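Notes for the one structure printed next.
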Amino acid sequence: MSEQLAFDALMHEVCVERGWCGSVVGGEPSHVTDYLPESGEVTADQFVMWLFAADGVDPSDDPAKWQTHYDGLREAFLRHMGGDRAEVERLKWNGS
Numbered sequence: 155m156s157e158q159l160a161f162d163a164l165m166h167e168v169c170v171e172r173g174w175c176g177s178v179v180g181g182e183p184s185h186v187t188d189y190l191p192e193s194g195e196v197t198a199d200q201f202v203m204w205l206f207a208a209d210g211v212d213p214s215d216d217p218a219k220w221q222t223h224y225d226g227l228r229e230a231f232l233r234h235m236g237g238d239r240a241e242v243e244r245l246k247w248n249g250s
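Residue numbers (my numbering): 155 to 250.
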């Protein structure tokens, strides 16, 4: 699978199927891709925390409530990106 298709598949799963990719936070539109750095590696855990942030969710407010979501989103990253980290250059989505 090409890098583009891998990230598109990840975004489809987390956004379309699971509903995690962005919202209006603090009166401003927010999307997970807004959090991506210019360069370097992104870990699965960072990506999941950015998904939460883009939706205005602080999972530390009620960890038990959010753990299942966290685990599922992390697993999606692992499956689609092929490991627990990826170079940010691989995280380019057609919608970003």
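Here a beta-carbon is modelled for each residue, glycine too, at the ideal position from N, C-alpha and C. Please read all numbers here as calculations on a predicted model, not as lab measurements.
Per DSSP, cross-strand counterpart(s) of residue i
i	result
T197	R239
P183	V178
Supposed contact pair residue j and residue i - C-beta distance, whole angstroms, cut 8 Å
i	j	result
C175	A208	6 Å
S177	V242	Contact doesn't hold; Cβ gap of about 22 Å is too wide.
Start and end residues, beta strand (DSSP E) containing residue i
i	result
G173	Per DSSP, G173 belongs to no beta strand (DSSP E) and is neither H nor E.
Local conformation of residue i per DSSP, three classes
i	result
K246	coil
D215	helix
D209	coil
E192	coil
Exercise for the section: Check whether the stretch 197-209 touches the stretch 219-238, taking contact to mean three or more Cβ pairs, one atom from each stretch, closer than 8 Å. Expected result: yes
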